[in-house]
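Engineer:
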Amino acid sequence: MGCVCGKPSSAIKDREESPKQRALIRKASKLAQNISSRRQESFSVKEKLANGVVRIGSFDKKGESFRVKEKLENSVVRIGSIDKKGNRSRRVRDDHCENYEVVNNFPGMGSVPKALEGEQVAAGWPSWLIMVAGEAIRGWIPRKADTFEKLDKIHQGTYSSVYKGRDLLNNKVVALKKVRFDNMDPESVKFMAREILLLRRLDHPNIIKLEGLVTSRTSSSLYLVFEYMEHDLTGLASLPGVKFTEAQVKCYMKQLLSGLDYCHRNGVLHRDIKGSNLLIDNHGILKIADFGLASYFDNHQMVPLTSRVVTLWYRPPELLFGATHYGVEVDLWSTGCILGELYAGKPIMPGRTEVEQLHKIFKLCGSPSEDYWRKSKLPHSTVFKPTQPYRRRIAELFMDISGPAVGLIETLLSIDPASRGTAAAALNSGVILLLSLPLSLLPWFSVERQIYFHSYFPPFQGKF
1 MGCVCGKPSS AIKDREESPK QRALIRKASK LAQNISSRRQ ESFSVKEKLA NGVVRIGSFD
61 KKGESFRVKE KLENSVVRIG SIDKKGNRSR RVRDDHCENY EVVNNFPGMG SVPKALEGEQ
121 VAAGWPSWLI MVAGEAIRGW IPRKADTFEK LDKIHQGTYS SVYKGRDLLN NKVVALKKVR
181 FDNMDPESVK FMAREILLLR RLDHPNIIKL EGLVTSRTSS SLYLVFEYME HDLTGLASLP
241 GVKFTEAQVK CYMKQLLSGL DYCHRNGVLH RDIKGSNLLI DNHGILKIAD FGLASYFDNH
301 QMVPLTSRVV TLWYRPPELL FGATHYGVEV DLWSTGCILG ELYAGKPIMP GRTEVEQLHK
361 IFKLCGSPSE DYWRKSKLPH STVFKPTQPY RRRIAELFMD ISGPAVGLIE TLLSIDPASR
421 GTAAAALNSG VILLLSLPLS LLPWFSVERQ IYFHSYFPPF QGKF
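For the sequence shown, the positions run 1 to 464 when the UniProt record's numbering is used.
1. Under the assumption that residue 386 contacts residue 402 (Cβ atoms under 8 Å), give the Cβ distance between them as a whole number of angstroms.
2. Can you tell me where the beta strand (DSSP E) with residue 286 in it begins and where it stops?
3. Tell me the DSSP secondary structure of residue 402 in three-state form.
4. What is the DSSP secondary structure of residue 156, reduced to helix, strand or coil?
5. Judging by CA-CA distance, which residue of 341, 380 and 306 is the nearest neighbour of residue 484?
6. For residue 317, I'd like the list of residues in its chain whose CB is within less than 7 Å of its CB, leaving aside the five on either flank, ordered along the chain.
7. Counting Cβ pairs, one atom from each stretch, are 3 or more of them under 8 Å apart for the segment 211-218 and the segment 113-125?
8. Quick check on residue 224: does DSSP put it in helix, strand or coil?
9. Ignoring anything shorter than 4 residues or poking outside the segment 293-364, list the alpha helix (DSSP H) runs there in chain order.
10. Roughly how many whole angstroms lie between the Cα atoms of residue 371 and residue 152?
11. Taking contact to mean at least 3 C-beta pairs separated by less than 8 Å, is the segment 145-162 in contact with the segment 196-211?
12. Would you mind reading off the limits of the alpha helix (DSSP H) that contains residue 378?
13. Does residue 399 pass the burial test, meaning 16 or more other C-beta atoms within 10 Å, or should it be called exposed?
14. Can you give the Cα-Cα distance for residue 288 and residue 277, rounded to whole angstroms?
15. Report the partner residues of residue 177 according to the DSSP bridge assignment.
16. Look up residue 469 in the DSSP assignment and give the residues it is bridged to.
17. Am I right that residue 175 and residue 262 are in contact with their C-beta atoms under 8 Å? What's the rounded C-beta distance?
18. Looking at C-alpha atoms only, which residue of 326, 311 and 290 is the closest neighbour of residue 299?
19. Under 8 Å by Cβ, that's how I've got residue 129 and residue 222 pegged, so tell me the actual separation to the nearest angstrom.
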């Protein structure tokens, strides 16, 4: 599938601001101007009610409003704003049975000193971004929209769109990720800031490189500029007639495990390893992308994390059981799913629901041992515990591939997280060590067969 380019003279520029966008910008500016006074006029409170509800929030000194977070005994988290008079109360968010992951605890998150805020405003950063993500953009200068041009729309997601573009300053092809925010919601900006912080700190040949940010002082949008990669693993595998060679499978796995080992050694969990997040260029270089769900972790100081991460087909059983304390093992399970998929030519456990996903895991990997149930004590384990035992069938499914490869799949897809090892150990396994061909001699896909991610879009026709 070839590249279809748009008008070569089209440069990125914000559309003429709509009334709604202008209102958002005014709202953000007002928020930035008043944030200091708000800090002075409110104070933090923690209140435990008789019914077990814990309220944590800030109370306005004027007594007019009360911003709260309510955590109930059944793990329901409510975040909202309560009017003192009680007649205009509004619940903002209600996440039933999901764990609340505090983004503020992320190292380096938050605003910067007042003096630096002024420097960032002068540099051209919008106030709504400075107040929430000042540390993430520290030391950077925003790129101007008219220094890039959009060529094709190559991916559409729930919270972002990705374009193939050209950097007009150096005539380099790049990927432009436009991030959307829910009415400048600070929580949405915080999650984006977390991704920027991580990408700026990670520097490895097998991790996608963030090259800059595109925005302006009056803009309500933000573009992340990445190096451009011609393919993704899911897209390549879905091409008619494509069958990866043994050498390619091993080479992809070596690069994936190298990138993961670097992340894990630096205390980072990716938490969304899947084929569409593994980008590949025309020279066969693989890079891990999309750190939107990534988080720092510390094995010596475990803090609760949400279990609502990792795409379902690649989600390990402990997360399906509701685990909130976990580590590198979640990424290793996903890697095992990828390895099995490369050999099988299709996803090996494509569940439609969490219950069906667990059933597919049990049918392929066997049901957990009684010792596992006894020591894990996970929230949903009693609900999803199978009524009959399942035997392990991985060796049967992959009987036509080499013994070392089957052994690595067996290890990575261990039901018990403690048995999955580490990315470093997997790199030293027989299947990876047997890779003898240098990267330059392996067969790769030509430019004429390039695809973008796993979705095709027609040429981009709109204004920029």
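Backbone N, C-alpha and C define an ideal beta-carbon position, used for all residues, glycine too.
Structural biologist: In short:
1. Their Cβ separation, rounded to whole angstroms, is 31 Å, which puts residue 386 and residue 402 out of contact at 8 Å.
2. 286-288
3. coil
4. strand
5. With the chain covering only 1 through 464, there is no way to say anything about residue 484.
6. Contacts found: 358, 361 and 415.
7. As far as the Cβ criterion goes, the segment 211-218 touches the segment 113-125, which means the pair count is three or higher.
8. For residue 224, the secondary structure class from DSSP, reduced to helix, strand or coil, is strand.
9. 317-320 and 329-344
10. 53 Å
11. no
12. Looking at the DSSP string, residue 378 is not in any alpha helix (DSSP H), and its letter there is neither H nor E.
13. exposed
14. One C-alpha to the other measures close to 6 Å.
15. 162 and 224
16. Since the first residue shown for the chain is 1 and the last is 464, residue 469 is missing from the structure and cannot be characterised.
17. Residue 175 to residue 262, Cβ: 21 Å. No contact.
18. For residue 299, the closest C-alpha among the options 326, 311 and 290 is that of 326.
19. 7 Å
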